[in-house]
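Asker: Handing you a structure now.
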Amino acid sequence: MRRLGHALVSLSLLAGCGGPELESSAEPLAQQQAALTTRDVDVAPECQGILGFANTASFQTLNQYVPSNVANNLIARRATSPFVSLTDLSSVSLVGPARLEQLATGARAKGLIGASCVGILDGLALSTDDAAAIVSLVNGISDSELHDVLPNAWNGASNLLNLRPFTSVQAIANVSGISDVSLRNLRNSATLSRPLEALISAVNTAGDRGHGGTRMERHFDWWQTVVGDGRAYRVGRFECFGLEASSVPHGATVRPYLATAAEVRAEVDSTVKSANGNNQIPASVVSVGMANLDERITGRTFKGCYYSYAKDPWSGNSVAFFVDTQNGFSVLTDTYWVE
């Protein structure tokens, strides 16, 4: 758990001022417009000025924030290729978490990052929108999904559940058991599927047709899904794959292979088309959402289940859900009818 320096603790910090301007800046603040980080990178768009500072500041300017030997190492390395990530910066001799924070302080003082960049926590340069999304996710996520998102941080996940609600991403980063990998997984879960989530929202609006329809979910409690959740009248087909034996419902069949990206995409595509029979969902929402789904699932494998159930004699539901076996990305589809 790495913490912000004193200049980066608050989400509401204003951009610093003073000191000479950098010799040249390839990362003007006006270009940092993205509201959320949309790729699995370690520098948010609003924080790119940290890299700009490391790439363009003179020795004299760098030496105001880092020791002279570190400044020399940075300048020698950037002469071969510009820095493109915090990982890249960290590969330079003598540059560790404390030096990264000092570089962030320099970038803020020179106006290359402003209030929209929180700073660096646990190896991530986060925007304020990223931070808010992480806090919202952690405060609302189910037990089962959180442990899937943090598969190698069981204690960290449990500590988050016990200590929430949180009011800041700093408090989340400070929790015992939450490391660089954990915070990055939380950020990815909170931000990288927003186009798909917009499509899911459109499907849920368009898919309700009174006597039947479709529904989808991106964040859900798959454990409650498989143990019943009110399906007392009748349960039909129930086939699961990849779940631990203790999680497989009584009477369910277990197939011996996981779901692939193609299987997940086919199920989501079918559900979207069912909801969009009258083309009421904008084509751009569909295309961007499905492209985002492809980004999240390509090359991945998934655990999950298919099942059908009826809450009463006058209705029925057919459900499928899939959970990435490594990073917890999940999606659920539900087609239903009502007499």
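Start counting the sequence shown at 34; every next residue gets the next number (my numbering).
Built from N, CA and C at the ideal position, the CB exists for glycine as well.
1. Would N350 and D367 be called neighbours here (beta carbons separated by less than 8 Å)?
2. Here's the rule: buried if 16 or more other CB atoms are within 10 angstroms of the residue's CB, otherwise exposed. What is H252?
3. Is it the case that the region 107-119 contacts the region 180-189, given that we only count it when at least three CB pairs across the two stretches are under 8 Å?
4. By DSSP, does I146 sit in helix, in strand, or in coil?
5. Just list the residues that DSSP pairs T70 with in beta bridges.
6. List the endpoints of the continuous alpha helix (DSSP H) containing D162.
7. Quick one: Cα of A308 to Cα of N237, how far?
8. Where does F92 land, buried or exposed, given buried means 16+ other C-beta within 10 angstroms?
9. Which residues in the same chain as T200 place their Cβ atom closer than 8 Å to its Cβ, once the five residues preceding and following it in sequence are excluded?
10. Take G322 and list the residues in its own chain whose beta-carbon comes closer than 7 Å to its own, dropping the five residues that flank it on each side.
11. Give me the Cβ distance between I146 and G82, rounded to the nearest whole Å; I'm assuming they're in contact under 8 Å.
12. For N312, which option in T94, A87, L95 and A235 has the closest C-alpha, if you only look at C-alpha atoms?
13. Could you give the uninterrupted runs of the alpha helix (DSSP H) lying entirely in the region 111-137, keeping only those of 4 residues or more?
14. Return yes when the Cβ of G246 is within less than 8 Å of the Cβ of A294, no when it is not.
Answerer: Well, looking at it:
1. In this structure, N350 lies near D367, with their beta-carbon atoms less than 8 Å apart.
2. buried
3. no
4. coil
5. Bridge partners of T70: none, in fact.
6. T161 to G173
7. 8 Å
8. Around the beta carbon of F92, fewer than 16 other beta carbons lie within 10 angstroms, which makes this residue exposed.
9. Non-local beta-carbon contacts of T200 in its own chain, meaning distances under 8 Å to residues more than five positions away in sequence, involve V168 in chain order.
10. P228, L229, A231 and L232
11. 4 Å
12. A235
13. 119-123
14. no
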